[in-house]
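Participant: The structure is given below, and queries will be raised subsequently.
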Amino acid sequence: MNNHHTKPDIIVIPELTIPNPYIRGLEKLATETNCVVFAGLDWQKNYINQQIRNNAIMIVPNHWNTNLKSFSCTATLLGKKYPANLEKSSIEEYNNTNKTHFEFISDDNMYLIDAKEFGKIGFAICADFYDIERFMIYKGRVQHIIILALNQDTNSFFAISEAVSRLVMCNVVICNTGFFGDSLAFSPYKTDFKRMIYRNQGANLF
């Protein structure tokens, strides 16, 4: 990818995909390819306080979007506010089995990322895509919204992506795990056949 003529500027990786021990390796790859990376991390557990967080990581190489080779990067954690029902039940099951009291810690921040000439980017992790307040705040402030997902209800996300695209007047990018499929990029063009920029529909996809 690094030497290909269509090397991407931004790479997105679904929710709960990257094992925490591999974060340093991902930072190294992002720096070598000079790409910004948004990636969903495995649950981050604090065993002392018995807390669980669902975070993504945003990695920005120091010479991103230039012709210079990057030699370092900046990594920022972006959190999830609302746990999905499956997350809640998984934590409860773990607590019951192991006689622990882990609780999900919400991230109440709403991120506004300035990608310079690419525009401003809003961000959400899976179930936060149902948060209407988030999109009212983003309206008029972003050109793109990126959602990292581990989502079975792909039809609902498709419907929401079209609604949010028109409400916020921005591009919507959903990166879902290939197991459930239906990653997409939707844009609010006036002409309807132009709106679906990309859709990878179906289950068990790469």
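Under the numbering used here, the sequence shown is numbered contiguously, ending at residue 209.
In this text, a Cβ means the ideal position worked out from N, Cα and C, and glycines have one as well.
This structure is a prediction, so every number in the text was calculated from the model and none was measured.
Give the single residue among 90, 182 and 29 whose Cα lies nearest to the Cα of residue 79.
Facilitator: It is 29.
Participant: I'd like the span of the beta strand (DSSP E) that includes residue 41, first residue to last.
Facilitator: Taken as a continuous stretch (DSSP letters only), the beta strand (DSSP E) holding residue 41 covers 39-44.
Participant: For residue 23, which residues of its own chain have a beta-carbon under 8 Å away from its beta-carbon, when the five flanking residues on both sides are left out?
Facilitator: Only 44, 45 and 47 meet the Cβ criterion.
Participant: Please give me, in chain order, every unbroken run of the alpha helix (DSSP H) with length at least 4 that falls completely inside the segment 88-162.
Facilitator: You should have 88-101 and 135-141.
Participant: Do three or more CB pairs link the segment 58-70 to the segment 88-101 at distances below 8 Å?
Facilitator: Too few Cβ pairs lie closer than 8 Å, so no.
Participant: Pairs of beta-carbons, one from the segment 104-113 and one from the segment 157-164, closer than 8 Å: are there three or more?
Facilitator: Flag = no, the segment 104-113 and the segment 157-164 do not touch.
Participant: To which residues of the same chain is residue 97 closer than 8 Å at the C-beta, ignoring the five residues directly before and after it?
Facilitator: The answer, listed in chain order, is 103 and 105.
Participant: Keeping to the same chain, check which residues put their C-beta closer than 6 Å to that of residue 126; ignore five residues upstream and five downstream.
Facilitator: The residues are 81, 114 and 149.
Participant: In its own chain, which residues sit with a C-beta less than 8 Å from the C-beta of residue 207, not counting the 5 before and 5 after it?
Facilitator: Answer for residue 207: 181, 182 and 184, listed in chain order.
Participant: Using CA coordinates, which residue listed in 4, 94 and 42 is at the minimum distance from residue 128?
Facilitator: Selected option, being the one with the closest Cα: 42.
Participant: Which residue wins for smallest C-alpha separation from residue 141, given the options 175, 151, 119 and 120?
Facilitator: The shortest Cα separation from residue 141 among 175, 151, 119 and 120 belongs to 175.
Participant: Below 8 Å on the Cβ atoms is my contact criterion, and I expect residue 94 with residue 55 to pass it. Report the Cβ-Cβ distance as a whole number of Å.
Facilitator: Right, their Cβ atoms sit about 6 Å apart.
Participant: If I follow the unbroken beta strand (DSSP E) through residue 78, where does it start and stop?
Facilitator: Residue 78 -> beta strand (DSSP E) spans 76-82.
Participant: Leaving out the 5 sequence neighbours to the left and right, which residues in its chain are closer than 6 Å to residue 190 when beta-carbon positions are compared?
Facilitator: 174, 198 and 200.
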